[in-house]
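Same order as they appear, the protein sequences are chains R and Y.
Sequential numbering from 10 applies to the first sequence in our numbering.
Sequential numbering from 205 applies to the second sequence in our numbering.
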Amino acid sequence: MLARKVCELCSRHGRTLHSKRKDFYSSASKKLTNAEIRKRRSALFTEEKNRQIELIKRLNKVPVSYYGHPEQDGPHKMLMNSHVSTPYHCAMHIDEYLTKRSIVATVNGEPWDMHKPFPENAVTLEFHHMLDEDPSLPNQAFWNTGSFVLGSVIDKSFKDNVLVQLYDTPKTKVEDGCFMYDVFMDIPDWKPSQMELQCLSREGGRLWIHELEFEPLTVGEDVAMKMFEDNPYKIKSLNSMLNESESDKLTLYRMGDYVDVSTGPLISNTSQLSRFSVTAVHQIDCPTNGKLYRFQALALPRDLKMHWWAWDFVCRRAAKQSKKKYPYRSTPENFFPNSETDSDREKVKKMTGSDLKNM
Amino acid sequence: MIRFPLKSKPRKFKYVLTGCGSGPQERVDFLKKMVTSLIRHERIEGRADKMHETRAYAEQLINLAIQHGDRHEPTMKMADEWLLEKDLVHKLFKVLAPRYQQYATAFTSVHLLPAEYPGQGRFKAVLELKGNPYPDIIPRERETRYLLTNILLSAAGRDFYAEQNRLQELNTKSETVVKDSQEVNTSYENNVSEISIKDNVKVASSTDNFKESDQTSVSK
């Protein structure tokens with residue numbers, strides 16, 4: 010009797026699991042929590058990656074020459090596989106410290122992710138790190154990564170009953186003092202306490218322990234849309250991104266199980282992050298998307314140290330809501346978060362009303 | 205033409221021991237020896253005063269070589285006299301003269317070394333020919349202005365001082381407003397910003413409170 014009961018239970022459980030798995034890839038998944046959505050996206054990401062790898066039937070060799078540290082007579086010459094090997098693999102061949110300190114590479118003079126496979130033609134390779142004499146490229150990559158990581162922190166750290174829908178990152182420079190992420194959340198008028206901000210910061214500050222890689226993957230429009238079908242805000246930003254770029258390909262990145270779209274190169278590994286601080290959350294009126302929360306944060310790479318007093322000074326600046334108008338990474342047109350005139354407000358109200366209906 | 209500040213009088217060399225005898229001839233012998241070794245090794249070390257004195261003679265010799273070349277008899281004579289090892293005559297005309305042809309600065313440089321301790325407390329110096337194959341004595345400093353932390357801090361500093369200046373201007377404005385109001389007791393109809401007026405009101409009320417509290421404390 011007992012055995013039969015156990016069997017029944019197992020079969021039932023199995024059935025439910027099976028039915029869930031059916032929903033797993035389907036578009037009918039409506040009330041998924043953030044964690045489940047993340048899992049689904051990650052599964053789709055691996056599926057797409059495997060599909061792309063299976064398309065390569067024959068390995069083509071590509072000669073790679075690297076000039077730089079450690080110095081020797083002539084370049085370091087390597088014979089790598091095109092569409093498979095990455096700059097990171099080259100760094101592994103040359104020296105271990107190159108794998109640890111390199112933030113981004115340049116391949117044939119173009120900025121290139123450390124984990125992005127080589128193209129078919131012959132390659133000259135360079136590595137860049139945070140203490141370079143001209144660190145503009147690694148700085149930019151680090152700032153891009155900052156907003157990407159901020160997105161993952163927001164996505165992971167809320168409870169399941171709060172639906173978090175990431176929208177887009179405003180374009181900010183290092184001089185602006187912080188990077189941002191605009192997010193829709195169904196909490197009305199949330200003003201985070203100092204403790205809540207600290208908890209968010211800790212989530213980002215703990216990432217270096219896990220040593221997660223930033224895997225890039227260029228995908229077609231349909232795959233990207235399928236991946237982000239739970240998030241209408243993201244789909245909007247993807248659409249405007251596609252309109253601007255005039256090509257039907259998008260670069261997605263994965264860190265752990267978090268997948269997001271990003272322009273420009275990101276850093277190699279989360280072990281290169283050290284300090285991370287979410288400094289403020291402001292409520293903004295977006296003309297196209299209604300009320301959003303703008304998260305502002307600040308991070309430092311592992312190679313650069315800062316005194317706690319100076320860090321505090323910089324963080325206080327990063328918490329201010331700036332009056333500057335930052336365009337979105339995906340959209341070329343300007344964006345007015347602090348529209349104070351009445352006509353602007355009316356416009357915003359109209360737009361938000363129509364948007365909500367559409368959703 | 206010598207391209208560095210020169211002393212008007214030659215330095216006196218005491219206790220120069222190059223061989224037998226002393227006096228002006230001994231000094232010249234010593235300088236010849238030093239110039240020869242400088243041209244040979246391209247970097248030498250010694251007492252600071254002697255290095256400085258040697259520098260002028262070496263520069264002048266190279267100058268002559270650049271000006272007249274190796275087909276000028278007086279120059280050749282001078283080189284033959286000042287370079288004790290004769291293979292260096294070739295080096296002077298064939299290597300050093302072409303190297304320094306386009307130089308706009310001096311051909312040599314002197315770096316002071318710390319005084320030796322324990323010892324006489326004399327300063328030593330390094331004299332070198334520029335463009336030598338050795339590593340630099342003073343290492344080149346790396347540019348750190350564009351590091352991420354430095355960009356952040358400089359931008360934050362700029363913001364901070366801009367804010368300070370703005371506040372100062374506001375304060376000066378409000379002071380002038382207060383003076384005006386005391387002189388002419390009329391309502392504000394001029395183009396005075398609201399913020400400055402509000403600030404004044406606040407300041408005035410707070411000072412009044414202080415006075416009252418002081419009085420109360422005294423009476424108690």
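From the three backbone atoms N, C-alpha and C, an ideal C-beta is built for every residue, glycine too.
{"Check": "Selection from S202(R), V270(R), W217(R) and P225(R) that minimises the alpha carbon distance to A233(R)", "Outcome": "V270(R)"}
{"Check": "Cross-chain neighbours of L309(R) in chain Y, by beta carbon under 8 angstroms", "Outcome": "L352 and T353"}
{"Check": "Three-pair Cβ contact test at 8 angstroms for the segment 342 to 349 of chain Y versus the segment 267 to 277 of chain Y", "Outcome": "no"}
{"Check": "Within chain R, partners of R346(Y) - CB distance below 7 angstroms", "Outcome": "E142"}
{"Check": "Chain Y within 8 angstroms of M315(R), Cβ atoms only", "Outcome": "yes"}
{"Check": "DSSP state of K300(R) mapped onto helix, strand, coil", "Outcome": "strand"}
{"Check": "Cα-Cα separation between K402(Y) and V382(Y), rounded to whole angstroms", "Outcome": "Low per-residue confidence applies at K402(Y): pLDDT is 47, beneath 50, and the placement is therefore not dependable, though the value from the model is reported in the following sentence. For K402(Y) and V382(Y), the distance between alpha carbons rounds to 12 angstroms."}
{"Check": "Which of helix, strand or coil DSSP assigns to Q174(R)", "Outcome": "strand"}
{"Check": "The segment 95 to 123 of chain R: positions lying closer than 9 angstroms to chain Y by Cβ", "Outcome": "none"}
{"Check": "Residue range of the unbroken beta strand (DSSP E) whose run includes W121(R)", "Outcome": "E119 to W121"}
{"Check": "Coil, strand or helix - L191(R) by DSSP", "Outcome": "Residue identity differs from the one stated: residue 191(R) is Asp in this sequence, not Leu. Correct three-state label for D191(R): strand."}
{"Check": "Contact residues within the segment 261 to 295 of chain Y, judged by C-beta distance below 7 angstroms to chain R", "Outcome": "none"}
{"Check": "Minimum Cβ-Cβ distance from L374(Y) to chain R less than 8 angstroms", "Outcome": "no"}
{"Check": "Distance between beta carbons of P310(R) and F127(R), contact taken as under 8 angstroms", "Outcome": "Not quite, the Cβ-Cβ distance comes to about 25 angstroms (not below 8 angstroms), so this is no contact."}
{"Check": "With 16 other Cβ atoms within 10 Å as the buried cut-off, status of A308(Y)", "Outcome": "exposed"}
{"Check": "Euclidean distance between Cα positions of T222(Y) and Q305(Y)", "Outcome": "33 angstroms"}
{"Check": "Same chain only: Cβ atoms within 7 angstroms of R247(Y), ignoring 5 sequence neighbours per side", "Outcome": "V330, E332, N336 and Y338"}
{"Check": "Euclidean distance between Cα positions of S391(Y) and S385(Y)", "Outcome": "Residue confidence is low: S391(Y) scores 46 on pLDDT, short of 50, so the model does not pin down where it sits. Its coordinate-derived value is still stated next. If you take the alpha carbons of S391(Y) and S385(Y), they lie about 8 angstroms apart."}
{"Check": "N43(R): first and last residue of the uninterrupted alpha helix (DSSP H) it sits in", "Outcome": "N43 to L64"}
{"Check": "Supposed close pair A228(R), L357(Y) - CB separation, criterion 8 angstroms", "Outcome": "In the sequence on display, residue 228(R) carries Val and not Ala. In fact, because the Cβ distance is near 39 angstroms, the residues do not count as touching under 8 angstroms."}
{"Check": "Within 8 angstroms, strictly: CB atoms of M238(Y) and T258(Y)", "Outcome": "yes"}
{"Check": "Contact set between the segment 175 to 187 of chain R and chain Y, restricted to residues whose Cβ is under 8 angstroms from the partner", "Outcome": "V183, E184, D185 and G186"}
{"Check": "Against chain R: residues of the segment 221 to 236 of chain Y by CB proximity under 8 angstroms", "Outcome": "none"}
{"Check": "Residues that E332(Y) bridges to, as DSSP identifies them", "Outcome": "R247(Y) and S313(Y)"}
{"Check": "Rounded C-alpha distance that separates N148(R) from L351(Y)", "Outcome": "8 angstroms"}
{"Check": "Coil, strand or helix - D284(Y) by DSSP", "Outcome": "helix"}
{"Check": "Validate contact between the segment 285 to 297 of chain Y and the segment 363 to 371 of chain Y using beta carbons, cut 8 angstroms, 3 pairs", "Outcome": "no"}
{"Check": "Helix, strand or coil at V407(Y) according to DSSP, with G and I counted as helix", "Outcome": "Because V407(Y) carries a pLDDT of 43, less than 50, the predicted location of this residue cannot be relied on, and no value is offered for it."}
{"Check": "Uninterrupted beta strand (DSSP E) stretches inside the segment 247 to 306 of chain R (no shorter than 3 residues)", "Outcome": "258 to 264, 267 to 270 and 282 to 295"}
{"Check": "Buried or exposed by the 16-neighbour rule on C-beta atoms within 10 Å, applied to S256(R)", "Outcome": "exposed"}
{"Check": "CB-CB length for T154(R) against L68(R), believed under 8 angstroms", "Outcome": "At roughly 31 angstroms, the Cβ-Cβ gap does not stay under 8 angstroms, so T154(R) and L68(R) are not in contact."}
{"Check": "Cβ neighbour criterion (16 or more within 10 Å) applied to N240(R)", "Outcome": "buried"}
{"Check": "Spatial distance of V116(R) from T133(R) (CA atoms)", "Outcome": "6 angstroms"}
{"Check": "Bridge partners - Y337(R), DSSP secondary structure assignment", "Outcome": "P179(R)"}
{"Check": "Expected contact under 8 angstroms - CB spacing of K332(R) and P225(R) to nearest Å", "Outcome": "Actually they do not touch by this definition, with Cβ atoms about 35 angstroms apart."}
{"Check": "Straight-line gap, T279(R) to H137(R) (C-alpha atoms, nearest Å)", "Outcome": "16 angstroms"}
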